[in-house]
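J.:
2 protein chains.
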Amino acid sequence: MRIILVGYGVVGKGVTTIIARRYLEKVKDYGFSPKIVAIADIDGAVINPRGLSPEKLEELKQRRAPTNPISADPDFGHPGMSALDVIESVEAEVVVEVTPVNIKNAEPALSHITKAFKTGKHVVTTNKGPLALAMPALTELAEYNNVYLRFSGTVGGGTPMLEFAKRCLAGDKILGIRGILNGTTNYILTEMPQNRVTFQEALTNAQKLGYAEREPSMDIDGFDTACKVVILANWVMNQKITLRDVDRTGIRDVSLQELDEAAKKGNTIKLIGSIENGKATVKPMEIPKNNPLCVSGVLNAITFFTEYAGEETLIGRGAGSMETASAVLRDLLDIRHKLANRLT
Amino acid sequence: MRIILVGYGVVGKGVTTIIARRYLEKVKDYGFSPKIVAIADIDGAVINPRGLSPEKLEELKQRRAPTNPISADPDFGHPGMSALDVIESVEAEVVVEVTPVNIKNAEPALSHITKAFKTGKHVVTTNKGPLALAMPALTELAEYNNVYLRFSGTVGGGTPMLEFAKRCLAGDKILGIRGILNGTTNYILTEMPQNRVTFQEALTNAQKLGYAEREPSMDIDGFDTACKVVILANWVMNQKITLRDVDRTGIRDVSLQELDEAAKKGNTIKLIGSIENGKATVKPMEIPKNNPLCVSGVLNAITFFTEYAGEETLIGRGAGSMETASAVLRDLLDIRHKLANRLT
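Chains A and B, in that order, are what the protein sequence lines are.
Note that my numbering has the first sequence beginning at 1133, numbered continuously upward.
Note that my numbering has the second sequence beginning at 1133, numbered continuously upward.
#1: Determine which residues of the region 1423-1434 of chain B have a Cβ less than 8 Å from any Cβ of chain A, and write them out in chain order.
#2: Per the DSSP calculation, Leu-1331 (chain B) is bridged to which residue(s)?
#3: Might you give, ordered along the chain, the residues of its own chain that have their beta carbon closer than 7 Å to the beta carbon of Ile-1245 (chain B), omitting 5 neighbours on each side?
#4: Can you list, in chain order, the residues of its chain whose CB lies under 6 Å from that of Pro-1424 (chain B), leaving out five sequence neighbours each side?
#5: Taking the Cβ atom as the reference point for each residue, do Glu-1418 (chain A) and Ala-1451 (chain A) lie within a distance shorter than 8 Å?
#6: Shortest alpha-carbon distance to Ala-1457 (chain A) belongs to which of A:Val-1147, A:Thr-1357, A:Tyr-1140 and A:Leu-1465?
#7: With DSSP as the reference, label Arg-1182 (chain A) as helix, strand or coil.
#8: Starting from Thr-1438 (chain B), trace the beta strand (DSSP E) in both directions and tell me its first and last residue.
#9: Helix, strand or coil: which one does DSSP assign to Thr-1476 (chain B)?
#10: DSSP state of Met-1267 (chain A), grouped into three classes?
#11: Rounded to whole angstroms, what's the CA-CA distance from Arg-1384 (chain A) to Ala-1433 (chain A)? Just pull it up for me.
#12: Can you say whether Pro-1416 (chain B) is buried or exposed, counting buried as having 16 or more other CB atoms within 10 angstroms of its CB?
#13: When you compare each of B:Met-1213, B:Arg-1282 and B:Ala-1197 to Leu-1465 (chain B) by their alpha carbons, which one comes out closest?
#14: Which of the residues in the region 1274-1298 of chain B, read from start to end, lie with their CB under 7 Å from any CB of chain A?
#15: By alpha-carbon positions, which one of B:Met-1267, B:Gln-1332 and B:Thr-1291 ends up nearest to Ser-1387 (chain B)?
#16: Starting from Ser-1185 (chain A), find everything on chain B with Cβ-Cβ shorter than 7 Å and list it in chain order.
#17: Which residues, in chain order, does the region 1441-1463 of chain A contribute to contact with chain B at a C-beta distance below 9 Å?
#18: Around the Cβ of Ile-1135 (chain B), are there at least 16 other Cβ atoms within 10 angstroms (buried) or fewer (exposed)?
#19: In the DSSP assignment, find the beta strand (DSSP E) that holds Thr-1445 (chain B) and state where it starts and stops.
#20: When we look at the beta-carbon of Tyr-1440 (chain B) and count the other beta-carbons within 10 Å, is it buried (16 or more) or exposed?
#21: Could you work out which residue in B:Glu-1272, B:Ile-1320, B:Cys-1300 and B:Arg-1153 is closest to Ser-1284 (chain A) when comparing CA atoms only?
#22: Name the chain D residues that come within less than 7 Å of Ala-1302 (chain A), Cβ to Cβ?
#23: Under the rule that 16 or more other beta-carbon atoms within 10 Å means buried, what is Asn-1327 (chain B), buried or exposed?
#24: What's the C-alpha gap between Asp-1175 (chain B) and Arg-1196 (chain B)?
#25: Taking only three categories from DSSP, how would you classify Ile-1174 (chain B)?
#26: Taking DSSP's pairing of strands, which residues face Glu-1229 (chain A) in a bridge?
#27: Going along chain A, which residues have a C-beta under 7 Å from Asn-1473 (chain B)?
#28: What whole-angstrom Cβ distance do Ile-1363 (chain A) and Thr-1286 (chain A) have, given they're in contact under 8 Å?
#29: Taking only beta-carbon positions, decide if Ile-1174 (chain B) is within less than 8 Å of chain A.
#30: Of all Cβ atoms in chain A, is any one closer than 8 Å to the Cβ of Ile-1150 (chain B)?
#31: In chain order, what residues of the same chain have a beta carbon less than 8 Å from the beta carbon of Phe-1164 (chain B), not counting five sequence neighbours either side?
#32: Based on Cα-Cα distance, which residue from A:Arg-1380, A:Phe-1296, A:Pro-1348 and A:Ala-1224 lies nearest to Val-1138 (chain A)?
#33: Considering only C-alpha positions, which residue in the set A:Glu-1443, A:Arg-1449, A:Thr-1438 and A:Gly-1442 is nearest to Glu-1443 (chain B)?
#34: Taking DSSP as the reference, what is the three-state secondary structure of Ser-1243 (chain B)?
#35: Where does the unbroken alpha helix (DSSP H) through Lys-1396 (chain A) begin, and where does it stop?
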């Protein structure tokens, strides 16, 4: 399987690491031999149609843009070559899209993905932007071009929430979903009552520790959770919605006093993304502390309400570069598996 | 898909209900049309090669053995016909084995399953006995006869723990497993500190409420958990072990005092089944109350320790007749899916 990697930040680097490291084992386990034939970054690209070796991938990781970008590689570098050109001109089966999230217009990821589809390439992405803004259209475009679109890394990070719903609950019927889908807000809401600090203090602290961005709106205003709700609604509940269909409230107004009052009742307040009775919502909600969904710190959790098996909850780490990279590997294996079945 | 149902207790009845009720929906969702062509119970059988209708299945449910067994049905009854004869003589693709568990010699389930294999039938079972005592041999026999053996209902009841491990963690590597796999013992260990009662009092209470059997050894001495550990070890960790390889301690000796001492440290005591460093163990263990694994009441929970994604925990209801029946449906869908891929 030949792969074009688009985006070379922490997740992109994680993907090269995991592919290089797991290479031999995977061959043994699944007859799966992934090769990265190109990496495209903002400065240019490196291309080797025979596959970049584990040693070369390691070497590239030492380079630092903008002074020493990967496209300066003496063997395979193509300074200034755009990702779109790489996707169009390099032969490969799959494009792995891991550029930064943009929920205004989803670019450049949206163009990368549509270009990949139009040139007959499957796509694995960890980028919520294109999915949040255009998931129904992207799903249709993939189908039209007879290629697969996979995005495990967008929800739950390393925790396979999407696969769980699709693959493990097939005999049942999912009636509703509730999740704690954002580690940053969960960290803040855990810290506030534990350390007796205000929202603002907890946020500043989370920023110092690297759990929150300097521009924290994406997390604390619930956009990140809302993106994940859109993906779940489309993929799991078959609802054709986008970000604008989600009723969204963030956690800026959650006070220590409210948390204390919830605690008196054995409850706490969490930022919950939900799909219930056909409505997609993100808002702070009071939930019982002994509910399995009620995880603390940067953990993520999701509860599926099913017809026969009742409530099923899945808990795991949220986003992290290696967790997200492992989700990319799962998606590549899934595509490989689907292709194998298609060919027989 | 033609099905022979062997065993007609609560799970068996649940299977007929779920198949009758979901029939139309499933046809729509998955092109899957299950038909029960025979039901074999201890008293005899009912057989209709064209499939027992939803109405007939409902009618059979009103009968009560031993005075009014299903085999007395005027249309399709075969009084005294043995399950082995039914499996041998009735044409079907799948045998669903849901007779009572026996961990001494695994009979009669073991004979039913091997007979099914030898006559070319796939098997779905919810019976831990044959798996606990002979899983490596059964797996081989199924492979030799080119049929599938599925058993989702044996671990986690309605919670798809086995599928989760197999299907959702494929890109990762499972290093270890820890689980609360038995609802009865978890109920007792939750009640003791909450209601300030001894082990014996909590057990009596659980028996009154129907959470514990009159002969409770299977649960409280850890046999049930040990069976599940064997199944997980074989299926998920690829270890060829049986019940005798599990180091097992039950909860009879857990005292209220020990629970109180654990509580002082923010911990509690749970009966944990684990596979760590290649060793399969069942024993009461102290775990932190805020660990996701730490569920209360009759819930089940399992944590997979993975190489890349860290700890992933799945929580859901333990065994219940409808939960277990829904697991049977999942297994039937899985076999149907595998057969479809085999044929193309």
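Just so you know, even glycine gets a beta-carbon here, dropped at the ideal spot from N, CA and C.
T.: Once the coordinates are examined:
#1: Under the 8 Å Cβ criterion, the region 1423-1434 of chain B contributes Pro-1424, Val-1427, Ser-1428, Leu-1431 and Ala-1433.
#2: First, the amino acid is wrong: residue 1331 (chain B) is Phe here, not Leu. Looking at the DSSP output, Phe-1331 (chain B) shares a beta bridge with no other residue.
#3: Excluding sequence positions up to five before and after Ile-1245 (chain B), its CB lies within less than 7 Å of the CB of Glu-1229, Val-1255, Thr-1257, Pro-1262 and Leu-1270, all in the same chain and listed in chain order.
#4: The beta carbon of Pro-1424 (chain B) is closer than 6 Å to those of Thr-1445 in its chain, skipping five residues each way along the sequence.
#5: At the C-beta level, Glu-1418 (chain A) and Ala-1451 (chain A) stay beyond 8 Å of one another.
#6: Nearest option by C-alpha distance: A:Val-1147.
#7: Arg-1182 (chain A): coil per DSSP, three-state reduction.
#8: Under the DSSP assignment, Thr-1438 (chain B) falls in the beta strand (DSSP E) whose first and last residues are 1431-1438.
#9: Because the pLDDT at Thr-1476 (chain B) is just 46, under 50, the model does not fix this residue reliably, and the value given afterwards should be weighed accordingly. In this structure, Thr-1476 (chain B) counts as coil in the three-state DSSP scheme.
#10: It is helical.
#11: Taking the Cα positions, Arg-1384 (chain A) is about 21 Å away from Ala-1433 (chain A).
#12: A buried status is given to Pro-1416 (chain B), since no fewer than 16 other beta-carbon atoms sit within 10 Å of its beta-carbon.
#13: If we check each option's Cα against that of Leu-1465 (chain B), B:Arg-1282 comes out closest.
#14: Those residues of the region 1274-1298 of chain B that come within reach of chain A (Cβ to Cβ, closer than 7 Å) are Gly-1290, Thr-1291, Pro-1292, Glu-1295 and Phe-1296.
#15: Checking every option, the nearest Cα to that of Ser-1387 (chain B) belongs to B:Gln-1332.
#16: Here the premise fails: no neighbours, minimum Cβ distance about 22 Å.
#17: Legend: CB atoms of the region 1441-1463 of chain A lying less than 9 Å from CB atoms of chain B belong to residues Ala-1441, Gly-1442, Glu-1443, Glu-1444, Thr-1445, Leu-1446, Ile-1447, Gly-1448, Arg-1449, Gly-1452, Met-1454, Glu-1455, Ala-1457, Ser-1458, Ala-1459, Val-1460, Leu-1461, Arg-1462 and Asp-1463.
#18: Under the 10 Å beta carbon count, Ile-1135 (chain B) is surrounded by 16 or more other beta carbons and is classified as buried.
#19: Where Thr-1445 (chain B) is concerned, the enclosing beta strand (DSSP E) stretches over 1442-1449.
#20: Classified as buried, Tyr-1440 (chain B) has 16 or more neighbouring CB atoms from the shown chains inside 10 Å of its CB.
#21: Among B:Glu-1272, B:Ile-1320, B:Cys-1300 and B:Arg-1153, the Cα nearest to that of Ser-1284 (chain A) belongs to B:Cys-1300.
#22: Looking at the structure shown, chain D is missing, and the protein chains on hand are A and B.
#23: Asn-1327 (chain B) comes out exposed.
#24: One C-alpha to the other measures close to 11 Å.
#25: It is coil, neither helix nor strand.
#26: According to DSSP, Glu-1229 (chain A) bridges with A:Val-1138 and A:Thr-1257.
#27: Chain A residues near Asn-1473 (chain B): Asn-1473.
#28: Taking the Cβ atoms as the reference, Ile-1363 (chain A) lies roughly 6 Å from Thr-1286 (chain A), within the contact range of under 8 Å.
#29: No, Ile-1174 (chain B) lies away from the interface with chain A (no Cβ there is under 8 Å from its Cβ).
#30: Taking Cβ atoms only, chain A reaches closer than 8 Å to Ile-1150 (chain B), which makes this a yes.
#31: Correct list, in chain order: Met-1133, Lys-1158, Leu-1464, Leu-1465 and Arg-1468.
#32: Per the Cα distances, A:Ala-1224.
#33: Nearest Cα to Glu-1443 (chain B) within the set A:Glu-1443, A:Arg-1449, A:Thr-1438 and A:Gly-1442: A:Arg-1449.
#34: The answer is helix: DSSP assigns Ser-1243 (chain B) an H, G or I state.
#35: Its alpha helix (DSSP H) spans residues 1388-1396.
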